[in-house]
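Those protein sequences? They're chains A and B, same order as listed.
Number 69 in numbering that gives the first Met the number 0 belongs to position 70 of the first sequence; there are no gaps in the numbering.
Number 201 in numbering that gives the first Met the number 0 belongs to position 202 of the second sequence; there are no gaps in the numbering.
Glycine included, C-beta positions come from ideal geometry on N, C-alpha and C.
Computed from a prediction, not measured in an experiment: that's the story for all the values here.
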Amino acid sequence: MKRRHFLISAASIAAGVTIMPRMTFAAEGVIDVYFTSDQNVIDFWTNVVKPKFEAANAGLTLNLVDGGDGAGVAAIGDRALAALASGTDPQADLFEGFDTRVTVDGIAKGLYVDFEKAGLSNYSKINPLAFDIPTNLPYRGSQVLLAYDTTKLDPANVPKTWADLVAWIKANPGQFIYNRPNKGGSGGNFVRRAIYEVNGKDPGKFTVDNFTPEFGAEALKPAFDMLLELAPSLFDGGAYTSGNTQSLQLLGQSAVTMIPAWSDQALSAIAQGVLPETTGLVQLQDLGLPGGFTKLAVLSNGTNKDAALKLADFLLTEEIQSAVLTELGGFPGVSWDYVSADLREKFADIIPQTIPNFPSGKWETAINDGWYRAVAPNVDPAS
Amino acid sequence: MTTQAAGALAPAPAQRKRPIGLLLVAVPVLLVLWLIIWPIIAAMIQTIWLPTSDGGRGFSVSSYQFFASDPYSRSNLAITLWTTGVCAALLLVVCLPIALYLRFSDSRIAAYVQGLAIFPMFVPSIILSFAFIRVLGPNGTVDLLLNSVGLPKIKSPYLTPWGPVIGLVWDNIPLTVLILLSGLGNVSNQAIEAARDVGAGRFALLWHIILPRISNSILVAISFAVLGIFSAFTLPYVLGPAAPEMMGPFMQRTFRDLFDPTNALTQAVITFAFCILFGLFYVRSVAKNRTP
Numbered sequence: 000m001k002r003r004h005f006l007i008s009a010a011s012i013a014a015g016v017t018i019m020p021r022m023t024f025a026a027e028g029v030i031d032v033y034f035t036s037d038q039n040v041i042d043f044w045t046n047v048v049k050p051k052f053e054a055a056n057a058g059l060t061l062n063l064v065d066g067g068d069g070a071g072v073a074a075i076g077d078r079a080l081a082a083l084a085s086g087t088d089p090q091a092d093l094f095e096g097f098d099t100r101v102t103v104d105g106i107a108k109g110l111y112v113d114f115e116k117a118g119l120s121n122y123s124k125i126n127p128l129a130f131d132i133p134t135n136l137p138y139r140g141s142q143v144l145l146a147y148d149t150t151k152l153d154p155a156n157v158p159k160t161w162a163d164l165v166a167w168i169k170a171n172p173g174q175f176i177y178n179r180p181n182k183g184g185s186g187g188n189f190v191r192r193a194i195y196e197v198n199g200k201d202p203g204k205f206t207v208d209n210f211t212p213e214f215g216a217e218a219l220k221p222a223f224d225m226l227l228e229l230a231p232s233l234f235d236g237g238a239y240t241s242g243n244t245q246s247l248q249l250l251g252q253s254a255v256t257m258i259p260a261w262s263d264q265a266l267s268a269i270a271q272g273v274l275p276e277t278t279g280l281v282q283l284q285d286l287g288l289p290g291g292f293t294k295l296a297v298l299s300n301g302t303n304k305d306a307a308l309k310l311a312d313f314l315l316t317e318e319i320q321s322a323v324l325t326e327l328g329g330f331p332g333v334s335w336d337y338v339s340a341d342l343r344e345k346f347a348d349i350i351p352q353t354i355p356n357f358p359s360g361k362w363e364t365a366i367n368d369g370w371y372r373a374v375a376p377n378v379d380p381a382s
Numbered sequence: 000m001t002t003q004a005a006g007a008l009a010p011a012p013a014q015r016k017r018p019i020g021l022l023l024v025a026v027p028v029l030l031v032l033w034l035i036i037w038p039i040i041a042a043m044i045q046t047i048w049l050p051t052s053d054g055g056r057g058f059s060v061s062s063y064q065f066f067a068s069d070p071y072s073r074s075n076l077a078i079t080l081w082t083t084g085v086c087a088a089l090l091l092v093v094c095l096p097i098a099l100y101l102r103f104s105d106s107r108i109a110a111y112v113q114g115l116a117i118f119p120m121f122v123p124s125i126i127l128s129f130a131f132i133r134v135l136g137p138n139g140t141v142d143l144l145l146n147s148v149g150l151p152k153i154k155s156p157y158l159t160p161w162g163p164v165i166g167l168v169w170d171n172i173p174l175t176v177l178i179l180l181s182g183l184g185n186v187s188n189q190a191i192e193a194a195r196d197v198g199a200g201r202f203a204l205l206w207h208i209i210l211p212r213i214s215n216s217i218l219v220a221i222s223f224a225v226l227g228i229f230s231a232f233t234l235p236y237v238l239g240p241a242a243p244e245m246m247g248p249f250m251q252r253t254f255r256d257l258f259d260p261t262n263a264l265t266q267a268v269i270t271f272a273f274c275i276l277f278g279l280f281y282v283r284s285v286a287k288n289r290t291p
């Protein structure tokens, strides 16, 4: 046991004891929003959504809480389900970046608001591609694309198809790296794009409930073989970073020339100077790297349910949806007709008509396990 | 020092019953039982009492058999043992000279050296990890400095097994130095001077006078470091290679990304079994010290 750990836990227990009596009830007019997303999204809410919403709705304020990750907010969801059963206050109103399927029995017991029946004035503006189930409200999208160093690679020669990309990686050994597929979506969706490639580039082939061990082996094995063949041409002869941020850091340090990156993270990294202005972004034209829409959920038993629905509706206005593009670097959750025309024009190059979205569920487990066993161990530990 | 009495227990002195003292001890003991011992036992039971095909549960060691027969799991255990061993050896090589210097130097610089040696204790490992990438990573500070004087770049240890080794050694220096330093407090100046008077050289002094007196502290320091390193998470996760993984990231991935609590628990029990071996060294040396 390290003394540091002891001190930290002792301090946090002490802090917990002092604030405990004050945390009993959710306040009227304070919407408790829990996030699974990264810091850049919470910053976007703090700097853009919160001031605009509070200015437009006097008397309502937002309390933005970082739930850590999916599992963190899932625990709050489980607590809210228990509160629903006992008729008590869940102390939460809105979950950002959350799939309501995660709470077992949550949808069946009516824990989450059904947006088809909620009467949001902007509901019809949502991009038809983004719809999932009625308790999940898509409000922004993000896609993985390729970020590269234009000082080392002329934008005219940048690969535009998967085959070109593989040829480029092999012709320029050590200049490409992606992260471990379970540790961040940029590497994860790069791996999934490889799976599409060996399966006829048909995203429709994979659904959340069509995984079987046989089909899994048949569909994934050739993709893993292809990635393993690529490994010696990657950075350091087959190294993989442990997250989206670390890949951006290697590109920023000019250690590699190209990485897969989330569009929103890459754009905010360029805006903040983490990546230089000479960073180029490109999407594959034969089939884009996958991405997806981020959904939110509103609790039906929250103290501020009506205010939370007002907030959900507000997020779909042109004002916020345009800010998603300009401030967050994400894609709008609404159809392109509902963002301003000049933005539509400006971003036309990097935004395709469709965003392939690889299903999670058992596919995700199979990819996470299979990649580590088939692709990762090509590095000799003694080297 | 009454070394001749070691091994033979002195007769226990008659003690008054002190219920208040026992009560005070009861709180930490119960906490340890509830928060540490019980979860360990529960984990062990869960890994050998597995669901059967007819819906019930029965005794089975299949998850352990899987671990033993799976080359991927075995290589993860091997890299963990390798990292722990290399770190322990390096820690001793790095920390013993620092501790000796701090014990026998009276200069003003020693205070600064001590401050510097304790400093890693106050750096969270996630910050250390990203600083490491900046400094020792590809095109990091070291490369820039080498480049400015016309030398070639280093082969970066980032994303290789040496990444976590360097990070973990740095992170464990303070604890090791402090424990060795407290052990060196047992070495009296008279003993050193007496040895010097009969003509002992520096090496003989270290070998025959100092090391025998601090062998216990070395054992304690190494077992503390080893326990922390064996189950380390952040540094191997951020700095190490994707595969083989150390047991910490491996367990976390099995549990969180593969949704496989049984195998994650099995890995945890195996990790614990190795840690308890090192723990026994520590307990043994403490018990030896307590003997009157």
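Integer-rounded CB distance, given that residue j should sit under 8 Å from residue i
{"i": "serine 246 of chain A", "j": "tyrosine 177 of chain A", "result": "7 Å"}
{"i": "glycine 28 of chain A", "j": "alanine 306 of chain A", "result": "7 Å"}
{"i": "phenylalanine 65 of chain B", "j": "asparagine 262 of chain B", "result": "7 Å"}
{"i": "phenylalanine 114 of chain A", "j": "leucine 80 of chain A", "result": "Actually they are not in contact, since the Cβ atoms of phenylalanine 114 of chain A and leucine 80 of chain A sit about 19 Å apart, beyond 8 Å."}
{"i": "leucine 167 of chain B", "j": "alanine 116 of chain B", "result": "Actually they are not in contact, since the Cβ atoms of leucine 167 of chain B and alanine 116 of chain B sit about 16 Å apart, beyond 8 Å."}
{"i": "proline 89 of chain A", "j": "arginine 100 of chain A", "result": "In fact, because the Cβ distance is near 18 Å, the residues do not count as touching under 8 Å."}
{"i": "aspartate 131 of chain A", "j": "lysine 294 of chain A", "result": "6 Å"}
{"i": "serine 185 of chain A", "j": "proline 259 of chain A", "result": "5 Å"}
{"i": "isoleucine 168 of chain A", "j": "threonine 134 of chain A", "result": "Actually they are not in contact, since the Cβ atoms of isoleucine 168 of chain A and threonine 134 of chain A sit about 41 Å apart, beyond 8 Å."}
{"i": "proline 163 of chain B", "j": "leucine 234 of chain B", "result": "5 Å"}
{"i": "isoleucine 78 of chain B", "j": "proline 160 of chain B", "result": "6 Å"}
{"i": "isoleucine 228 of chain B", "j": "asparagine 171 of chain B", "result": "7 Å"}
{"i": "valine 374 of chain A", "j": "valine 281 of chain A", "result": "At roughly 24 Å, the Cβ-Cβ gap does not stay under 8 Å, so valine 374 of chain A and valine 281 of chain A are not in contact."}
{"i": "leucine 164 of chain A", "j": "threonine 353 of chain A", "result": "Not a contact, Cβ separation roughly 19 Å."}
{"i": "leucine 158 of chain B", "j": "alanine 238 of chain A", "result": "4 Å"}
{"i": "glutamate 317 of chain A", "j": "serine 334 of chain A", "result": "So it is not a contact: roughly 11 Å between Cβ atoms."}
{"i": "cysteine 94 of chain B", "j": "leucine 179 of chain B", "result": "6 Å"}
{"i": "methionine 225 of chain A", "j": "valine 197 of chain A", "result": "6 Å"}
{"i": "arginine 139 of chain A", "j": "glycine 328 of chain A", "result": "That belief does not hold up - the Cβ atoms of arginine 139 of chain A and glycine 328 of chain A are roughly 10 Å apart, past 8 Å."}
Opposing strand residues paired with residue i [DSSP bridges]
{"i": "phenylalanine 48 of chain B", "result": "The sequence as given places tryptophan at residue 48 of chain B; phenylalanine does not occur at that position. In the DSSP output, where bridge partners are listed per residue, tryptophan 48 of chain B has B:Phe58."}
{"i": "asparagine 62 of chain A", "result": "A:Asp31"}
{"i": "glutamate 383 of chain A", "result": "Residue 383 of chain A is absent from the structure shown; chain A starts at 0 and stops at 382."}
{"i": "tyrosine 111 of chain A", "result": "A:Leu298"}
Within chain D, partners of residue i - CB distance below 7 Å
{"i": "tyrosine 236 of chain B", "result": "Absent here is chain D; the protein component of the structure consists of chains A and B."}
Near the ligand SAH: residue i beta-carbon under 8 Å from a heavy atom
{"i": "tryptophan 167 of chain A", "result": "In the structure on display, the ligand SAH does not appear, and there are no ligands present to speak of."}
* To do: Give, in chain order, every unbroken run of the beta strand (DSSP E) that is at least 3 residues long and sits entirely within the region 205-273 of chain A.
  => Correct list: 257-261.
* Report the residue ranges of all beta strand (DSSP E) runs contained in full by the region 123-210 of chain A; include only those spanning at least 3 residues, in chain order. => Unbroken beta strand (DSSP E) stretches of 3 residues or longer found wholly inside the region 123-210 of chain A: 136-148, given in chain order.
* Mind listing, in chain order, the continuous alpha helix (DSSP H) runs of no fewer than 4 residues lying wholly within the region 267-334 of chain A? => Entirely contained in the region 267-334 of chain A, the alpha helix (DSSP H) runs reaching 4 residues are, in chain order, 304-314 and 317-322.
* Give the residues from the region 118-145 of chain A that approach chain B closer than 8 Å (Cβ to any Cβ), ordered along the chain. => When C-beta distances to chain B are compared with 8 Å, every residue of the region 118-145 of chain A stays at or above that value.
* To do: List in chain order: all unbroken beta strand (DSSP E) runs of 3+ residues lying wholly within the region 56-123 of chain B.
  => Complete beta strand (DSSP E) runs here, min 3: 56-58.
* the region 128-144 of chain A touching the region 285-302 of chain A, judged by at least three CB pairs closer than 8 Å -> Yes: at least three Cβ pairs fall under 8 Å.
* Identify each residue in the region 242-264 of chain A for which the Cβ-Cβ distance to at least one residue of chain B is less than 9 Å, and report them in chain order. => Taking 9 Å as the upper bound on Cβ-Cβ separation, chain B lies near residues Gly242, Thr244, Gln245, Gln248, Leu249, Gln252, Ser253, Ala254 and Val255 of the region 242-264 of chain A.
* **Interfacial residues, the region 107-132 of chain B to chain A, with Cβ spacing under 7 Å** => So the list reads Met120 and Ile132, given in the order they occur along the chain.
* To do: Using a Cβ-Cβ cut-off of less than 9 Å, give me the residues of the region 363-379 of chain A that come near chain B, in sequence order.
  => Hits within the stretch, in order: Glu363, Thr364, Asn367, Asp368, Trp370, Tyr371, Arg372, Val374, Ala375, Pro376, Asn377 and Val378.
* Using 8 Å as the threshold, is the region 108-125 of chain B in touch with the region 184-200 of chain B, meaning 3 or more CB pairs across them? -> Too few Cβ pairs lie closer than 8 Å, so no.
* Pairing CB atoms from the region 57-74 of chain B with CB atoms from the region 139-148 of chain B, are three or more of them under 8 Å? -> In this structure the region 57-74 of chain B does not lie against the region 139-148 of chain B, because fewer than three pairs of beta carbons, one per stretch, are closer than 8 Å.
* Asked: Are there three or more Cβ pairs, one per stretch, closer than 8 Å when the region 160-174 of chain A is compared with the region 315-328 of chain A?
  -> Too few Cβ pairs lie closer than 8 Å, so no.
* To do: Check each residue of the region 214-244 of chain A: if its Cβ is closer than 9 Å to any Cβ of chain B, include it; give the result in chain order.
  => Only those residues of the region 214-244 of chain A whose C-beta falls short of 9 Å from the nearest C-beta of chain B are listed: Phe234, Asp235, Gly237, Ala238, Tyr239, Thr240, Ser241, Gly242 and Thr244.
* **chain B contacts made by the region 168-180 of chain A, where a contact means CB separation under 7 Å** => Answer in chain order: Arg179.
* Okay, do the region 299-318 of chain A and the region 353-372 of chain A touch, 3+ Cβ pairs below 8 Å being the bar? -> No, they do not touch.
* Asked: How do the region 53-72 of chain A and the region 30-40 of chain A stand: do at least 3 beta-carbon pairs fall below 8 Å, yes or no?
  -> With the cut-off at 8 Å, the region 53-72 of chain A and the region 30-40 of chain A touch.
* Asked: How do the region 211-226 of chain B and the region 245-264 of chain B stand: do at least 3 beta-carbon pairs fall below 8 Å, yes or no?
  -> Not touching, per the Cβ criterion.
* Segment contact, 8 Å Cβ cut-off, at least three pairs: the region 204-217 of chain B with the region 172-186 of chain B -> Taking a contact to require three or more Cβ pairs closer than 8 Å, the region 204-217 of chain B and the region 172-186 of chain B qualify as touching.
* Asked: Quick one: any contact between the region 207-217 of chain A and the region 255-271 of chain A, if contact means 3 or more CB pairs under 8 Å?
  -> Judged by Cβ distances under 8 Å, the region 207-217 of chain A makes no contact with the region 255-271 of chain A, as fewer than three pairs qualify.
* For the region 40-74 of chain B, enumerate the residues whose C-beta is nearer than 8 Å to any C-beta of chain A, in chain order. => Cβ contacts with chain A come from Tyr71 and Ser74.
* Please list the residues of the region 167-201 of chain B that have a C-beta atom closer than 8 Å to any C-beta atom in chain A, keeping them in chain order. => Answer set for the region 167-201 of chain B: Leu174.
* What are the residues of the region 207-236 of chain B that lie near chain A, defined by any Cβ-Cβ distance shorter than 7 Å? -> Cβ contacts with chain A come from Gly227 and Tyr236.
* Asked: Going along the chain, which residues of the region 239-254 of chain B sit with their C-beta nearer than 7 Å to a C-beta in chain A?
  -> Within the region 239-254 of chain B, the residues whose Cβ lies closer than 7 Å to some Cβ of chain A are Pro240, Ala241, Ala242, Pro243 and Arg252, listed in chain order.
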